[in-house]
Amino acid sequence: MQTEQAAAPAEITTKTLEAAPLLDGCELVRITADYPAVESGLTRPLRERINRYYRRLAGDYVRSAQRQLGAVAKQRALVCAAGGEPFVPFTARMSFEVLFSGRCMCVLYEQQEICGPLVRRTRFSDVFDLGTGDRLRLRDLFVRGRRALRPLRALLLRAADERFDFAGRRDGAALRRRIAALWQPEQFYLLPDGLVFYYQPGEILPAARGDFIIKLSYDSFEKALRRVKRGV
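If you're matching positions, the sequence shown starts at 570 in my numbering and goes up one per residue.
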């Protein structure tokens, strides 16, 4: 899914790769990989650089699903056939969302695999500087580089405490430790009003309660971290 915004610095369209490996005419896995393609708004070299990255990413996902899920699905299909049971094809899907913040393009994408009763979701993100086409790491956003990560982690925990009131919860201490231990600095994206960190589904709270994110407003760390090396 794409997020349309006024005056977006680049026009994004959706490209799709599909595959459906078969066993004796029976579908084993239905694979769909949607990925973004920059159509206009950037120079041709930058467009091609970003588009090549996602074209390769989608192709790798399709091939991996064919190989790994296909092998598991084949065994399951053979067991079902031997037992006279119907086989329900596995599914694998990659979807994406694009957000813009200043001259940065954030691509949030998710890979989901459904194998019978088992469902696995994995979230990813990339942040591109549209001026250079570079894929940015978190430390690239700050003058202090890697030294900004420790105070950022402290601000993250403070924001989480304000949200969950650790002291007032029976599981507050354990929840705080989990949020701190599972924080991945590169699981981030940018919004016009803040920096967002996300966790994988089910890591902090039950997945049924939705995706777990913590947003830090730019004002909350501007003085402490003396941002910004890259405009956001």
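All C-beta atoms in this analysis are idealised placements derived from N, C-alpha and C, irrespective of residue type, glycine included. None of these values were measured; they are calculated from a predicted model.
- At least 8 Å separates the beta-carbon of V598 from that of Q644.
- In its chain, beyond the 5 residues on either side, R706, L707 have a beta carbon closer than 7 Å to the beta carbon of E755.
- Distance from the CA of P761 to the CA of L785, rounded to the nearest whole angstrom, comes to 11 Å.
- When the Cα atoms are used, E617 and G714 turn out to be separated by approximately 28 Å.
- Per DSSP, the unbroken alpha helix (DSSP H) holding Q644 starts and ends at 639-652.
- Collapsing the DSSP output to three states places D698 in a strand.
- For V598, no alpha helix (DSSP H) segment is defined; the enclosing uninterrupted segment is the beta strand (DSSP E) at 598-609.
- For L592, the closest of L687, S664, A650 by C-alpha to C-alpha distance is A650.
- Under the DSSP definition of a beta bridge, R662 partners with T601, Q681.
- Judged by pairs of C-beta atoms under 8 Å, the segment 682-697 does not touch the segment 721-741, as fewer than three such pairs exist.
- Contact between the segment 607-617 and the segment 627-642 is absent: fewer than 3 CB-CB pairs across the two stretches fall below 8 Å.
- Between the alpha carbons of P775 and Y768 lies a distance of about 12 Å.
- With distances taken between CA atoms, V765 lies nearest to L677 out of C595, L677, I619, E580.
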